[in-house]
Each structure stands twice: as C-alpha cells, then as structure tokens.
Amino acid sequence: MIKQFKTSLNQILIYSIGNLSAKLTGFVLLPLYTTHLSLAEFGTFVLIEPIWQLLSAFLSFSIPTALLRWLAPNQDKHSQKSLVFTALASLIGILTLFNIIAYPLNSLFDSNGLYNDPLFATYLNWSFPLVSFDILNLLVLSLLRYNEKPWLYIALNTVKLSVNLGLNVYFIVWLKMGIESIIISQLISSVLLNILSLPFLLKNIVPVFQFSALKEMISYGFPLIFTTVSSIILSVGDRYIINEYFTRSETGLYGIGYKIGGIINMFIIQSFQLGFLPFAYKMLHDPNAKRFFSRTLTYYTFVLMFSALALSLFAKELLIIFTAGNSDFQGAFIVVPIITFSFVVRGIQYYFSLGLHYVKKTKYNAWVVMSCALISVGLNFLLVPRFGITGAAFSSVLAVSVMALLYFYFAQQYYPIAFEYRRLFILLVAGLSLFFIGWNSGFLGFWGALAVKTTAVVSYPMILYFFHFFNNDELNRLKQLKIFLLHLSQFFNKKVDN
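Just so we're aligned, residue -10 is where the sequence shown starts under the working numbering, counting upward by one.
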C-alpha cells in the first residue's frame, strides 16, 4: 500500500504544479486588478466568471471527463485514438454551432435592454470564443493526464500562464482596457495552448468516428452537466443574490474574499482531483483498493484542515498582500474563514462522490447537487438580505455540508468503504478548536495575536499526537524522518565547521 500511496502522491504533486501554473494567474494578478480596477468593476468581473463556467459545463457535455472513464479499461491503441477523435470532432461541432448562434442572440438581448451594464454584451462577445478554446484545452489536458505526460502538462500550462500574465500587464497598465483586457488575455493564451499541443493531439487520434461510443459517453456525461451546473450555482450563485440586494461593490468585496478562501481549492482540492482520479480508476480492481481509499481520505483531510487553519488565521495579512494594501478590499477578511471551511467540506464531499463514479452511477450526482443548489439559493435569499456577505458564506457551508452527507449515503450503498471515522473526527474538532483560539486573540495586540495564531498552526500536528491520531506505522515513519533530518543537520554542521 505504501507504494500505491507514493505513486498517487507523485501524480498529485506533479499535476498540482501544472494546475498551479494554470490557476495562479488570478492570484498573481490580484494586486494589478485591485490597483487598476474599482471595487465595482471587480464586482462586474466577479459576475462574468460564473457565465464562463456555466457555458463550459453546458457546451462540453462532460465529454472530456467521460473520455477518461472510457479510455481507462480500453487497451487497444487504435480504438483509444478513435475515441479521442470522436470526442474532439464532437466538441468542435458543438462549439462551432454555439458560436454561430450566440453572437446574434447576444446582440438581441443587448438591444432589448437585458443588461444593466452597457459593456456587458461586449464582454460576453469576447467570452464565447474564450470558453470554446478553454473546452478544447480541457480535452487535451485530460488526455495528457491519462497518458501520464505530466511534464508536458506543466510546460503547456506554464506557457499559458506566462503569456496571460504578460498580456494582462500590457493591456491593463499601458492600454488601460479594464475588464476587457482580462478576457482577451485569457483568450489569446488559451488559443496558444491549443496550437502548442496540436502535435501531441495529432499523434493520439485516428480519423474514425465511433457513434456508439459517443452515445455512451454522452449518456455517462449528460447527468454530469446538471451536476456541474448545479455545482456552479452552489458555488457562485450567491454573488448574483448579493448583487440583487446590495451594490456591485459589495459583490466585488465578496468576490475577493471568495478568491482568498479559494486558495485551498486551487492548491489542494483541484490538484487532488487532477492527480488522484485517473490513478483511482486504474486500481479499482486491486484487492486493497478500498483500504487504500479509506486511508487516503484521512491524509487528504489532514492536509485540507492544516491548510485551512493557516489560511483562515492569516486572512487579514493575505488580503493586504493580494490587494496591494488597497483598504477598499480588505473588509473581505471576515468571510475568508467561513469560505475556507466550506472548501474543506467540499473537498471531503468530492471524495465521497467518487464512489458513484467508480460504479458509473452518476445519475445520483445530478440529483444530489441539484437539490443542494436549490437549498443554497433558498438559504441565500433567506440570509443575505439580513446578514450580507457573511450570510452568503454561511449558506455555502450549510449547503455543501448537506451535499457531503447525501453523497456519503448514496456512495456507501453502491461502493461501501470503511472510512477512519474516529481519526476524521479528531482532525475536524482539533482544527476548528485551534481556529477559534487564534481568531479570538485580537485583544492581545498585533504581536500577541501573531504569536497565538502561529502557535495554533504549528501545534496542530502535536495536538493530533496527544489525542492518539497517528497509528504505529505512521509514528515509526515519523521517527525515521526525524532521524534522517537529525543526520542531515549534523552533516551540514560539519560542513560549516570545516
């Protein structure tokens, strides 16, 4: 099992680098956005991003995800390449038809005064090709993951990141283009990734269209459309409700808080999803699979809670850094811990949902997420008018907690796993307790609070040890690590003395 953990961790770490390079743009550019865009303009951008996600969910038909599942058991290379061609040709056809329809429809909506912002139609016109090329990016990157080409995956995402960063600086700082510059920069970098990945893609296709396979992939992936759409509503629908009851600036404030809280999603959850799922599919028939899945959840939850604790306690400091000291944005710190914890629950919920993927029961995914999206909308309409952006953050925690429980229930019916419940409980309680201690240390002044918060983060593993969280095998490995680090320290000390 140790070998399997190492292989899985290796895949997760490698793909996390590629995922980080793809997602880091938004965080690196936050100081640029907060110094060249007003809080209201940032609020407009916050409202545009969910439209990209919704269009991507509808137009992809979850074909890139379904392709991974269909390639996994198929050992015939020619058939695999024809499956890739089938997926690619289908997506190109869908996206072409969409773009033909979208532009005149957008003009019609704009002329009838549907958009309050006169520039919104222009932003959407640029968004249509951006979403189209991003979906094609997704297909290529999924294929790279399946073929275990992590370094090419990283290289392509790094190029995309670099071009996107450079163009954003040029368009925003020198050309003063505002929100439009963000969309155009992403579009150009997305097109470039498709061009650079073309040689790899051509090597992995043969021009044979499998209609039956496409039907099966759409049948598998179609319920996931509703899952993804509902998940988007669950994640970002609250910002539209905030915009309805409050100002565009308040929407922007919530958006910046969500981005900071979402660091845990970018660094850990998405990286885990990218690296773990293909590996999990390949070991489904291993006799130790369920034991491996159980232990993995424990380690995964530890990483989530440890990261969430640090992120939540230092929310103010992170906001100062990412907003370049702009005080207009710093009131968002109040929602960061709540949003961060919602992502911890979301990460665990995702892991529970994998059981339904293993047995191809994705129809339950749709019903669970759609139900929780409705719960989220209802909670937001109830809490946002009264509590503002804090109410939206709490709505997210409550809705995603219900979703985690439902996924756990249905997944255990079809793919039961004996999770390490006692250890999971210790992880959550210890993490939350340390957070409340650190969060309420402000009366000690800046340095006193800093000392308490730092101690809370560092002491998390020690608290776990005190409550007998670690088993004997883990303790032995920690002792071996301690001995190794001691020898390494002695080695360097001798070098210094010489």
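No residue lacks a Cβ here, since even glycine has one placed at the ideal position from N, Cα and C. Given the structure is predicted, the values throughout are model-derived calculations rather than measurements.
*Quick one: residues in its chain with C-beta nearer than 6 Å to the C-beta of residue 182, no 5 flanking neighbours on either side, listed in chain order?*
The count along the sequence shown starts at 1 and reaches residue 182 at position 193. Excluding positions up to five away in sequence, the list reads 126, 145, 149.
_Could you give the first and the last residue of the continuous alpha helix (DSSP H) run that contains residue 159?_
Residue mapping note: residue 159 aligns to position 170 of the sequence shown, counting from 1. For residue 159, no alpha helix (DSSP H) segment is defined, and its DSSP state is neither H nor E.
*residue 76 versus residue 41 - alpha carbon distance*: Indexing the sequence shown from 1 puts residue 76 at position 87. Indexing the sequence shown from 1 puts residue 41 at position 52. Roughly 21 Å between the two C-alpha positions.
*Evaluate the contact criterion for the segment 158 to 173 versus the segment 279 to 290: three or more CB pairs, one atom per stretch, below 8 Å.*
no
*By a C-beta neighbour count over all protein chains shown, 10 Å radius and 16 as the cutoff for buried, is residue 123 buried or exposed?*
Position 134 of the sequence shown holds residue 123. Buried: at least 16 other Cβ atoms inside 10 Å.
_For residue 25, report the span of its alpha helix (DSSP H) as first-last._
Walking along the sequence shown from the start, residue 25 turns up at place 36. First-last of the alpha helix (DSSP H) with residue 25: 19 to 25.
*According to the neighbour-count rule (16 or more other Cβ atoms, all chains shown, within 10 Å of its Cβ), is residue 348 buried or exposed?*
Locating residue 348 in the sequence shown gives position 359, counting from the first residue. Its Cβ having fewer than 16 others within 10 Å, residue 348 is exposed.
*Assign residue 82 to one of two classes, buried (16 or more other C-beta atoms within 10 Å of its C-beta) or exposed (fewer than that).*
Taking the sequence shown and counting its residues from 1, the one referred to as residue 82 is at position 93. Per the 10 Å Cβ criterion, exposed.
*If residue 155 sits next to residue 50, beta carbons under 8 Å apart, how far is it from one beta carbon to the other, in whole angstroms?*
Translated into positions along the sequence shown, residue 155 becomes position 166. Translated into positions along the sequence shown, residue 50 becomes position 61. Their Cβ separation, rounded to whole angstroms, is 33 Å, which puts residue 155 and residue 50 out of contact at 8 Å.
_residue 296 beta carbon less than 7 Å from that of residue 257_ = For the purposes of this step, residue 257 is identified with residue 268 of the sequence shown, where counting begins at 1. For the purposes of this step, residue 296 is identified with residue 307 of the sequence shown, where counting begins at 1. In contact: residue 257 and residue 296 (Cβ atoms closer than 7 Å).
*Answer yes if the segment 332 to 348 comes into contact with the segment 389 to 404, meaning at least three C-beta pairs across the two stretches below 8 Å, and no otherwise.*
yes
*Measure the C-alpha to C-alpha separation of residue 328 and residue 300 and round it to an integer number of angstroms.*
As a working mapping, residue 328 is identified with position 339 in the sequence shown. As a working mapping, residue 300 is identified with position 311 in the sequence shown. Going by the C-alpha atoms only, they are around 11 Å apart.
_Beta-carbon proximity list for residue 344, same chain, < 6 Å, skipping 5 on both sides_ = As a position in the sequence shown, residue 344 is number 355, starting the count at 1. Here the set comprises 400, 404.
*Candidates 431, 272, 139, 111, of which the one nearest residue 34 by Cα*: Here residue 34 refers to the residue found at position 45 when the sequence shown is read from its first residue. Selected option, being the one with the closest Cα: 111.
*What three-state label does DSSP hand residue 287 in the structure shown?*
In the sequence shown, the residue the question calls residue 287 occupies position 298. In the three-state DSSP reduction, residue 287 falls in the helix class (H, G or I).
*Between the Cα of residue 120 and those of 320, 91, 234, 59, spot the shortest distance and give me the residue it belongs to.*
Taking the first residue of the sequence shown as position 1, residue 120 is located at position 131. Distances from the CA of residue 120 to each of 320, 91, 234, 59 were compared; the closest alpha carbon is that of 91.
*Whole angstroms is fine: what's the gap from residue 88's alpha carbon to residue 37's?*
In the sequence shown, the residue the question calls residue 88 occupies position 99. In the sequence shown, the residue the question calls residue 37 occupies position 48. C-alpha separation (whole angstroms): 18 Å.
*Would you mind giving the Cβ-Cβ distance between residue 320 and residue 242, rounded to the nearest angstrom? I have them listed as a contact below 8 Å.*
One-based indexing of the sequence shown puts residue 320 at position 331. One-based indexing of the sequence shown puts residue 242 at position 253. That pair is a contact at about 6 Å.
*Starting from residue 137 and walking both ways along the alpha helix (DSSP H), at which residues does that stretch end?*
One-based indexing of the sequence shown puts residue 137 at position 148. Here residue 137 belongs to no alpha helix (DSSP H), and DSSP marks it neither H nor E.
_Residue range of the alpha helix (DSSP H) that includes residue 316_ = Within the sequence shown, numbered from 1, the residue matching residue 316 stands at position 327. Unbroken run through residue 316: none, as it is neither H nor E.
*Is the CB-CB distance between residue 194 and residue 73 below 7 Å?*
As a position in the sequence shown, residue 194 is number 205, starting the count at 1. As a position in the sequence shown, residue 73 is number 84, starting the count at 1. Yes, the Cβ-Cβ distance between residue 194 and residue 73 is below 7 Å.
*Round the Cβ separation of residue 378 and residue 311 to the nearest angstrom and send it over; I've been treating them as touching at under 8 Å.*
Here residue 378 is taken as the residue at index 389 of the sequence shown, counted from 1. Here residue 311 is taken as the residue at index 322 of the sequence shown, counted from 1. Actually they are not in contact, since the Cβ atoms of residue 378 and residue 311 sit about 17 Å apart, beyond 8 Å.
_Less than 7 Å between the beta carbons of residue 226 and residue 366, yes or no?_
Here residue 226 refers to the residue found at position 237 when the sequence shown is read from its first residue. Here residue 366 refers to the residue found at position 377 when the sequence shown is read from its first residue. The beta carbons of residue 226 and residue 366 sit closer together than 7 Å.
*Taking just the CA atoms, how far does residue 375 sit from residue 23?*
Start at 1 with the first residue of the sequence shown, and residue 23 comes out as number 34. Start at 1 with the first residue of the sequence shown, and residue 375 comes out as number 386. Residue 23 and residue 375: Cα-Cα distance of roughly 28 Å.
_Measuring alpha carbon to alpha carbon, tell me which residue in 20, 170, 406, 48 is nearest residue 276._
Taking the first residue of the sequence shown as 1, we reach residue 276 at position 287. Among 20, 170, 406, 48, the Cα nearest to that of residue 276 belongs to 406.
*Neighbour-count burial assignment, residue 217, 16 or more Cβ in a 10 Å radius*: Position 228 of the sequence shown, counting from 1, holds the residue named residue 217. It is buried - the Cβ of residue 217 has at least 16 other Cβ atoms within 10 Å.
*Selection from 292, 231, 235 that minimises the alpha carbon distance to residue 261*: Along the sequence shown, one-based indexing puts residue 261 at 272. Of the listed residues, the one whose Cα sits closest to residue 261 is 292.
*Just list the alpha helix (DSSP H) runs in the segment 397 to 449, keeping only unbroken ones of 4 residues or longer that don't cross its boundaries, in chain order.*
Within the segment 397 to 449, the complete alpha helix (DSSP H) runs of at least 4 residues fall at 410 to 428, 434 to 447.
*Do residue 214 and residue 46 have their CB atoms nearer than 7 Å?*
Within the sequence shown, numbered from 1, the residue matching residue 214 stands at position 225. Within the sequence shown, numbered from 1, the residue matching residue 46 stands at position 57. Yes, the pair counts as a contact, with Cβ atoms nearer than the cut-off.
*asked:* Assuming contact is defined by CB atoms lying nearer than 7 Å, are residue 238 and residue 437 in contact in what I supplied?
replied: Here residue 238 corresponds to residue number 249 of the sequence shown, with the count starting at 1. Here residue 437 corresponds to residue number 448 of the sequence shown, with the count starting at 1. No; because the gap between Cβ atoms is not below 7 Å, this pair is not in contact.
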